[in-house]
Amino acid sequence: MKDRIEKAAAGIRRRVLAHTIKNNGGYMSQACSSAEALSALYLGIMNLPKVEKPLKPGDFPGVPGPQNDRYETGAKFNGGHIKGYDRFYLSPAHYALGLYAALIETGRMTDDGLDHFNVDGSSVEMIGAEHSPGMEVTTGSLGQGISQAAGSALARKLKGDTGRNFVYLSDGEFDIGQTWEALQAANHYKLDNLIIFADMNGQQCDGTLESVMTLGSVADRLRAFGAVAIEIDGHDIDALIDSVKTPHENRVLAVLCKTDPCKCLTIMKRNYPKLHYLRFKSDSEKKEYEAVLQTQSGGEK
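Residue numbers are given in the numbering used here: position 36 of the sequence shown equals residue 314, and the series is strictly consecutive.
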């Protein structure tokens, strides 16, 4: 299993890098930092219903309503809603490119899925929405994902559903009051079926995390709000898988994954501290990235 997770993580980075080169831009640093966590979640941590074969993304199904029998969410790529199984929520919707690549690498979406990315009329949106593959709610405003995952976790608990809700956060979301309000509510309702994985890559849209807002110890803050918080190396497969074994009865479990936004793509460090979106400044720079892609196989050679 570990080898498969490592292979999938390397595949996520390669796919996103190839897509970024082809489209002259993309959310590359997010894929670099989240690849192992997404792979481990899908292949070694979450108990998701199986899909019979990789699913092909469809067109935008339109807005939900009583007259729209075509409407569906992207939850089917995660196996749909079946009692006793886990569910996944991606809170930073700009990580969608990494999620789509993860769905392909883990056999849940067809290999041509990224060809539909950001195409007019496609469900494979640049900023994932509820109809996008692997998503079931729209979380584009940061801080909303944890509230939605917590509300669903409460509903499942009230219904006696033993399935867990996993929510993936970006570290910038700890700047946002709604995140902490959701945690306060989750603590009140003893939502131990809510598990957080947070990408602590130290980056925000405007630069480094600490240059935007000084947070201090996020782990200590989480504990103060009632959660069980642990800090791990977010690129360590064993640590990722073992993290969910941490006892957290009647409490939210928060796994803070320390990551490198330039993992396996050190050439990107020249853009530090602005790593949020990779856009090539010249043809020569693009060719440098193309050379890295040609030599990349699970890491930079």
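Yeah, the Cβ is synthetic: ideal placement off N, Cα and C, and Gly gets one too.
With a cut-off of 8 angstroms on Cβ pairs, the region 491 to 511 is in contact with the region 520 to 537, counting three or more such pairs. Listed in chain order, the non-local C-beta contacts of residue 430 below 6 angstroms within the same chain comprise 443, local neighbours out to five positions each way being set aside.
Three or more beta-carbon pairs separated by less than 8 angstroms are not found between the region 519 to 528 and the region 541 to 556, which leaves the two stretches without contact.
In this chain, residue 356 is not harboured by any alpha helix (DSSP H), its DSSP state being neither H nor E. Counting the other Cβ atoms within 10 Å of the Cβ of residue 542 gives 16 or more, which makes it buried.
For residue 390, the three-state secondary structure derived from DSSP is coil.
If you draw a straight line from the Cα of residue 479 to the Cα of residue 496, it comes to about 13 angstroms. With respect to the C-alpha of residue 318, the residue from 402, 392, 380, 505 having the closest C-alpha is 380. Taking all protein chains shown into account, residue 341 has fewer than 16 neighbouring C-beta atoms within 10 Å of its C-beta and is therefore exposed. Between the alpha carbons of residue 403 and residue 374 lies a distance of about 8 angstroms. DSSP lists no bridge partner for residue 550.
In terms of CA proximity to residue 426, 463 leads the group 391, 463, 545. Here residue 321 is actually not in contact with residue 363; their C-beta atoms are around 15 angstroms apart, not less than 8 angstroms. Burial is judged here by how many other beta carbons sit within 10 angstroms of a residue's own beta carbon; residue 436 has fewer than 16 and is exposed.
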